[in-house]
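Protein chains in written order, with the numbering used here: chain A, 5 to 528; chain B, 4 to 342; chain C, 11 to 358.
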Amino acid sequence: MTELSRPPAPAAHPEPIIEVRDVSISFPGIKALDGVSFRMFPGEVHSLMGENGAGKSTLIKALTGVYQIDSGSIVFAGAPVSFRGTAQAQDAGISTVYQEVNLLPNLSVAENIMLGREPRKWGSIDGRAMRAQSRVVLDTLGLDIDPDSMLGTHSLAIQQLISIARAIHINARVLILDEPTSSLDADEVAELFRIIRTLRDDGVAILFVSHFLDQVYEIADRLTVLRNGRLVGEHLTPELLRIELVQKMIGKEIGTLDDLEQRVRESEEGAPAPTPFLRAAGIGRKGSVNAVDIAIGEGEVVGFAGLLGSGRTEVARLLGGIDRSDTGTIEIGGDGVRLRTPRQALSKRIAYSSENRRAEGIVDELSVRDNIVLALQADRGWFRPIPRKRQDELAQSYIDALHIRPANPDAIVRNLSGGNQQKVLLGRWLAVAPRLLILDEPTRGIDIGAKAEIQKLVISLAENGMSVVFISAELEEVLRLSHRIVVMRDRSKVADLDNDDLTIDNLLAIIAEGDADEDLGETA
Amino acid sequence: MTAVVKEPAPTAAGRILQKSRSIFTSPKYGPVLVTAILFVVVFIAGGIRYQGFFSGQVILNLFVDNAYLIVLAVGMTFVILTGGIDLSVGAVVALSTMMVASLLESGLPAVIVIPLIIVATTVLGLLVGLMVHYFKVQPFIATLAAMFLARGLCYVISQSSISISDPGFIALAVTRIPLGGGLSITWSVVIALVIVAAAVWTLHRTRFGRTVYAIGGGEHSAQLMGLPVARTKVLVYAVSGLCSGLAGILFSFYTLSGYPLTAIGTELDAIAAVVIGGTLLTGGYGFVLGSVLGVLVLGIIQTIITFEGTLSSWWTKIFIGALLLAFIGLQRVLTARKT
Amino acid sequence: MSALFARIVSSRLFWPLVMLAVLFLINVIAFPGFFSISIRDGNLYGSLIDILRNGAPMMIVAIGMTLVIATRGIDLSVGAVAAIAGSVACSILLGSSDPSNPGTVAIAILTAVLISLVLGAWNGFLVAVIGIQPIIATLILMTAGRGAAMLITEGQILTVNSAPFKVLGAGFLWGVPVAVYIAAAVFIIAVVFTRRTALGMLIEAVGINPEASRQAGVRARGLLFLVYIFAALCAAAGGLILTANTMAADANNVALFIELDAILAVVIGGTSLAGGRYSLVGTVVGALVIQTLVTTVYTVGIPPIITMVFKAVVVTLVCLLQSPTTNEALSNIRRRLALRAGKEAVSV
């Protein structure tokens, strides 16, 4: 139940076109939406803001009929609705344009716009009418595209616009744009915004979901912030400072581990600058992250902070050899190295623990033991199997150290809870005794007790000489553990902070505004 | 005017060059064009090398001898366009010939027998389609099971060949339709061409056909767009069943008998024809006319080998394998460039 | 006690063994002498021995197929490779001055095996390096291979008279058919090679989650080469046994449909076509099921040709049972039963 005050409705359209009232959706073990209220007005661009797990995508899926709501109601154009599937939502007038476009590259532009509703003449599709009608829609948006050209021949930016054209053709009254600008360059974004404004002025209600704060502030009229499945607030854009927005999105966590932070700060005081282990200059990857310089010292915990999509994971993947960098060089101990494949990185004793543990981390049908020894075994090759006794020892030691439950090395990983799966994954990387351990969201989905254990583990690893890169969406956690923090924003490095500059307010300010003050530390 | 849409090269020659380059490297048109060129080249080479090759009847015989394969390739095209595959077509052809022969032998008139068989094989295809979509069984295995079933049923009907002596049927089978100038074709060719025309119209002018392409382009996207994906996926296997049944009937026009061991390996010929004809095995791109062209290419290779006389006909299989490899490689290169 | 029972029932081998038991039962009822084994001229004879001996080539091919399927692949070319192996061996023997010379026989076999190795490497190259889908990649060899085999035999069925060669297919050693020894040897090699080394686990990891395996540093490329080469070697062994048994190389008909039987055996044995965890023992049981099915049909008096229909039914049943749709439906029923029994609801 929210007693939060809400800003007034727009004068031109005082009634919301769609209203979500006190809606909750639960999945086994998690409450994805908890009493959320949300509304959109015609002729407005509304931005939905929130970090991972905030509930944004769940809310959108509820609006489009993918998920059924457990409680509360959804009201569309004044009448309560309950969509069962995207087709129903689409027919009612709610269309979604996804990040991956979801059109058919092998069909023509006209066909994509009209698929499913092609004009017919005597039982067969009327090609001429189709071409003419799609040309009309394209003209409405001011797009000069040949309707007969194959969709796949156009850039992603154009395909997205055609996706919007399709939505318009279906007479969308609510248009949901899910991370539309992630793969667009500045010109393409400008073009997209022009079209968004055209549609807005025509009375379409647009939901703009993006993590690029600059863009949100440029285009959105209204903002709604979600966090941990709850509504934090609804605001008119001009009335909310960026830093306030970021604070609402990230929030503050109860700090039960201040003594850890104490330990980290104390170890830093008076300690000589750590010998550099790895130095990356100008590494980047087209479409994913701009060129950055990163230096990591021995025994140092370097945190990567920034909003989702800022490039933190992308840089980490370059360092871990998961993706190949297009530019730049990497040196370890002064020697140039190539980290183009995971094998190469592992051979240099760099281990990367993926944030996407289901798809890229655990091998779910194998046992806990097999998962833990996997990387170690891959390194030893095919014909030098780790003796079974040693495998058992390794598995047992990590089960104990990380409190993996059930404590059975033969348990099939698929049946473990998310948190325990993460611990198994951690065990795998620890087993190869890396010199640099890159942890991407290692505490996501883990209970408070286990989080504390992992954080303590990170600190003691560093005290024993291991370098750690620690990525987390929770700033408090990053602050607590890191000797240094690299701040990422909109795919570039914007700051490299240490010592006295490591405060939550500094971090929030840099993430929100992006341009660092001179006394806030070095920029990229 | 959108700033993001780039203009093509200004000069006419430059435009033509760029257009032809883009056509050849597009996964939609590239392979088919290569096939067409290949066909022309092989035909000319044959004509230069052998006496009597350049006759119209040689080309018409390509159709006469391969009418059944053309129909088969049409059905296979539908399935492969959705990203699936049908391994049962050869066995269903054999089953169809057995059913024709035995039913005719038992006295039923051809007018009843032929439609009955087509309905039967279509139903079989429908069942396979249901298995593929609703039980999520991989098309390979589902059609493999159908292949076993069909082949087994052949033997149930009879373990040895049954010859056809129904005069109406034989008349339909052997009549030659004169085209003037000494050239002639059979009714099987006419039937095959009608099927081709129907397929072209269906794929390009009906919602069902566009959905077939859509599924190949991205099943998930097609579903999100609200297309009837389930119904279409099931129906393509029914279409394949229909074509296999019909192809069997055309085949029995040719052999005037039913034989349980016939058409072993024919599914590979059909798949080869479709692939050589420019349809991508991953689905979404391809034309029925391309598959017809693929059948003609296979046919002309066989013809050349016959003309050659000294080459054992087993070279055909090797050539087909090599062609298949070349075209798959080509498809791979073209699709890799796209991603 | 009930826990042990639960474990047995849920083991992947349960249903294949049940099927085998049922088939044995049917056989014994129709032919009471089914289980009897007699000794003639120092060699074992009997229905069970026949099943083992006749099923040996298919079992060997199925063992090779298991590892390929475990990597999420499939090998349709094994029949063609078997044909090539048989044809090569026979032509060498025919072309030699003394086909009965054990040395010549050894050379013939060795050459056939080496050629199969190259063919397997070819498949591996297409799949691992070029990145072609396994169905398609092996389809090429399947198409061209029979033609190549026919070329080698020049379109004839080559018959050869060579006692040492015949031993492979029809010979006995200490009373047991040689073919059975070969099958046992292949099985043992496969088990030792995959379970005594790290290969087994790595193959399964690649099949279950290729990306996670890549990030863990597993060299998938080499593994893929290995499994396709092994499959080709198994195909060669099967082809040589079949050819040796008939003393004739019939490139067109030898090992016809063996790839299908092999895939069927693997699937019945519990290995999923989607790749991942595999069971060599399961495959052996699956192969026995198929061979016994063939025998049963014959014993009971049904025309043997009908086996195909039975195989179709079995494949369909297995697929429907393995299907995720069925699993979902079953787990829904289980959940509802549990709810009704008053247990806790799953969601909070």
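Think of the CB as a built atom: it goes at the ideal place given N, C-alpha and C, for glycine as much as any other residue. Here the structure is a predicted model, which is why all the values come from computation and not from measurement.
- Counting the other Cβ atoms within 10 Å of the Cβ of GLY286/C gives 16 or more, which makes it buried.
- One alpha carbon belongs to ASP451/A, the other to ALA325/B, and they sit about 58 Å apart.
- Burial state of ASN219/C is buried, judged by a 10 Å Cβ sphere holding 16 or more other Cβ atoms.
- DSSP lists TYR55/C as the beta-bridge partner residues of SER48/C.
- Beta-bridge partners assigned by DSSP to LYS35/A: SER30/A.
- The alpha carbon of GLY310/A has as its nearest neighbour, out of ALA349/A, GLU359/A and VAL250/A, the alpha carbon of VAL250/A.
- Neighbours of LEU330/C in chain B, taken as residues at a C-beta separation under 8 Å, are given in chain order as MET134, PHE138 and VAL140.
- With 16 or more other Cβ atoms inside 10 Å of its own Cβ, LYS427/A counts as buried.
- Note that the C-beta distance between LEU98/B and LEU156/B is below 8 Å.
- With respect to the 8 Å criterion, VAL95/B and GLY244/B are classified as neighbours on the basis of their beta carbons.
- Within the same chain, and ignoring the five residues on either side of ILE47/C in sequence, the residues whose Cβ sits closer than 6 Å to its Cβ are LEU54 and GLY56.
- PRO109/A is not a Cβ neighbour of THR207/C, given a cutoff of 8 Å.
- For ASP95/A, the uninterrupted alpha helix (DSSP H) segment begins and ends at 90 to 96.
- In this structure, LEU249/B is the residue among VAL116/B, LEU249/B and ARG18/B with its C-alpha nearest to the C-alpha of ILE194/B.
- Secondary structure at VAL239/B: helix, using DSSP grouped into helix, strand and coil.
- For GLY130/C, there are no C-beta contacts with chain B under 7 Å, since the nearest C-beta of that chain is about 16 Å from it.
- In this structure, SER97/C lies near THR163/C, with their beta-carbon atoms less than 8 Å apart.
- As the crow flies, the alpha-carbon of ALA80/C is around 40 Å from that of ILE26/B.
- The alpha-carbon separation between PRO30/B and THR338/B amounts to approximately 6 Å.
- By the C-beta criterion, the stretch 303 to 317 of chain A is judged not to be in contact with the stretch 328 to 335 of chain A, since fewer than 3 inter-stretch pairs fall below 8 Å.
- Contact with chain C is absent for ARG234/B, since none of that chain's Cβ atoms lies less than 8 Å from the residue's Cβ.
- Proximity of GLU338/C to chain A, defined by a Cβ-Cβ separation below 8 Å, is not satisfied.
- Our two residues, GLU445/A and VAL113/A, have alpha carbons roughly 40 Å apart in a direct line.
- A direct Cα-to-Cα measurement between PHE46/B and LEU253/B gives close to 26 Å.
- Put simply, the backbone Cα of LEU23/C is about 21 Å away from that of ALA322/C.
- Judged by beta-carbon spacing, GLY74/C lies beyond the 8 Å limit of PHE175/C, meaning their Cβ atoms are not closer than that value.
- Within 10 angstroms of the beta-carbon of TYR238/C lie 16 or more other beta-carbons, which makes it buried.
- Residues of chain A with a Cβ closer than 7 Å to the Cβ of ARG179/B do not exist, since the nearest Cβ in that chain sits about 34 Å away.
- For THR124/B, the enclosing alpha helix (DSSP H) has its first and last residue at 113 to 137.
- In this structure, ASP26/A places its C-beta atom within 8 Å of the C-beta atom of GLY76/A.
- Annotation for ALA284/C: no alpha helix (DSSP H) segment contains it, and DSSP assigns it neither H nor E.
- Think of a sphere of 9 Å around the beta carbon of LEU301/B: no beta carbon from chain C falls inside it, the nearest being about 11 Å out.
- For ALA171/A, the closest of ARG347/A, ALA96/A, LEU501/A and LEU323/A by C-alpha to C-alpha distance is ALA96/A.
- For the 8 Å CB-CB criterion, VAL178/A and GLN219/A do not form a contact.
- DSSP places MET44/A within a strand segment (E or B) once states are collapsed to three.
- For the options GLY332/B, TYR240/B, THR306/B and ALA145/B, the alpha carbon positioned closest to that of LEU331/C is the one of ALA145/B.
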